[in-house]
Structure formats: C-alpha cells, structure tokens
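Report on one structure; see the data block that follows.
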Amino acid sequence: MAQNVSFTQMKDGTKADYELLANSEHAYVALTADRVLDELRRQGQASIEGYKITRLDHGLQAATRAQRDGADIDWIVGALLHDIGDGLAPQNHDRFSAEVIRPYVRWDVAWVVEHHGIFQMIYYAHHYGWDENARDKFRDHPCFDSCAAFCERWDQASFDPAYETETLAHFEPMLREVFARKAYDSAVIREGFVSPLTS
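Residue 69 in full-length UniProt numbering sits at position 69 of the sequence shown, with consecutive numbering throughout.
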C-alpha cells in the first residue's frame with residue numbers, strides 16, 4: 001500500500017513528509033519521457049483540423065528535416081517537440097513547449113522553441129491583418145538568426161504529406177536520452193552559447 005503524507009495543508013508538512021514526496025517525485029520525473037511520448041501519440045490521433053497532416057506528423061517531419069540537415073540531438077528533439085504544447089495551450093503553445101524541454105536542452109534551443117510562434121507570423125500574419133514583422137522586436141537577440149532559420153528550414157516547411165518522414169520510434173532513443181539528463185545541468189544548458197543549427 002502506498003504511503004501518503006500526514007498533512008492536508010503544505011505548511012503542516014513534516015521533514016518525513018517532504019522526504020517521502022522527494023522520493024515519489026524522483027520516480028515520477030524519471031517517467032517524463034514516457035509522458036511526452038504519450039502526448040506525441042495523442043497528437044497523432046487528435047489534432048487541429050484543416051491541416052493535411054497531424055501535429056505528430058508535423059513534429060516528426062520537422063525533426064526529420066533537422067536530422068537530415070545535420071543538426072545535433074538538442075535541435076532534433078527541439079524540432080520534434082516544438083509544438084508539444086498545442087493540445088493544452090493552443091494560445092501560447094510555443095512557451096508551453098519550451099518549458100517542457102527547457103531543463104534538458106541548451107538555452108538557445110529552448111529560446112527558439114519559446115519564440116517560434118512570433119517568428120512564424122512572417123509567413124501568415126498579413127492574412128489576418130496582424131504584424132508579420134512582430135519578430136523584429138527580437139532583432140538584437142543573439143538567437144534571432146537561429147529562430148528565423150529554424151522556422152524557415154524545419155517548421156514552416158513541414159506540412160507536406162508526401163515528405164518521407166522518420167517514425168516516432170526512430171526519434172524515441174534521442175528523446176529518452178535528452179529527458180534522462182540531469183535537469184538544469186549548466187554543462188548542458190550552456191547559458192549564453194549560441195550553437196549552430198547544423199554541423
């Protein structure tokens with residue numbers, strides 16, 4: 001039988017309670033990759049209507065393009081998961097998606113995923129009467145060019161049902177490797193370093 005904490009209000013918790021929760025959280029965090037994979041599979045079943053492919057197919061296609069361009073594992077997983085937030089946070093999916101990967105990938109990859117939504121507007125915003133150049137407010141940011149290239153090469157181009165795309169099983173080992181990293185490891189995050197999209 002599972003052991004539970006003694007409190008009904010956090011402020012009443014004991015050291016033993018919080019040690020119990022720390023152990024439970026460790027086991028829960030270890031299954032993050034499984035939950036992410038489940039969400040990707042769900043996106044293959046239920047997606048935004050109107051597109052020619054599912055959100056899962058879109059992520060797989062973006063990741064396939066990234067890998068074929070010679071991108072490293074952080075960029076590939078970033079491309080795979082850049083829209084993982086669509087299901088729960090369609091109005092801010094880019095920021096939601098970035099928070100999923102932020103503890104495990106380089107800071108520039110997380111920044112690009114966080115801002116790809118506004119960068120993508122260059123392709124369609126004028127059709128709605130919006131500012132297609134809204135991304136220009138980030139013109140001086142060190143990741144501006146990376147985000148523009150990410151959107152041009154891997155995101156906006158990945159809605160093609162005829163494109164030969166790798167499967168989720170192909171990317172699963174990469175995804176598991178990334179989510180097995182120690183969260184917020186400074187050697188991984190490399191704050192301030194801007195990596196090339198391709199080797």
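C-beta atoms are modelled at their ideal positions from N, C-alpha and C, and glycine is treated no differently.
It should be emphasised that the depicted structure is a prediction, and the values quoted were computed from it without experimental measurement.
- When secondary structure is reduced to three states using DSSP, phenylalanine 7 falls in the coil class, being assigned neither helix nor strand.
- In terms of Cβ geometry, alanine 33 and phenylalanine 179 form a close pair [threshold 8 Å].
- With contacts defined by Cβ atoms closer than 8 Å, leucine 80 and threonine 165 do not form a contacting pair.
- About 18 Å separates the beta carbon of glutamate 114 from that of alanine 125, a gap too long to meet the 8 Å contact definition.
- Our two residues, glycine 85 and threonine 167, have alpha carbons roughly 20 Å apart in a direct line.
- Inter-residue distance for leucine 56 and serine 47 is about 8 Å (C-alpha atoms, whole angstroms).
- Note that the segment 128-145 does not touch the segment 26-41; fewer than 3 beta-carbon pairs, one per stretch, sit closer than 8 Å.
- Phenylalanine 119 has its alpha-carbon roughly 9 Å from the corresponding atom of aspartate 136.
- Beyond the five residues adjoining it in sequence on each side, serine 97 comes within less than 7 Å, by CB distance, of Leu81, His82, Asp83, Ile84, Gly85, Val113 in the same chain, given in chain order.
- Contact annotation: valine 188 and arginine 106 have beta-carbon atoms nearer than 8 Å.
- Aspartate 17 and histidine 58 have their C-alpha atoms spaced approximately 43 Å apart.
- For the UniProt domain "HD" (56-127), the continuous alpha helix (DSSP H) assignments of 4+ residues that do not extend past its boundaries occur at 73-81, 93-101, 107-124, in sequence order.
- Pairing arginine 41 with arginine 176, the inter-Cα distance amounts to about 15 Å.
- Per DSSP, histidine 141 is not a residue of any alpha helix (DSSP H), being assigned neither H nor E.
- The beta-carbon distance between alanine 62 and serine 158, rounded to whole angstroms, is 4 Å. This is short enough to meet the 8 Å contact definition.
- If you draw a 10 Å sphere on the C-beta of glutamine 91, you find fewer than 16 other C-beta atoms in it, and that means exposed.
- In the three-state reduction of the DSSP assignment, alanine 2 falls in the coil class, being assigned neither a helical nor a strand state.
- Exposure of aspartate 140 is indicated by the presence of fewer than 16 other C-beta atoms within 10 angstroms of its C-beta.
- In terms of Cβ geometry, arginine 153 and arginine 65 form a close pair [threshold 8 Å].
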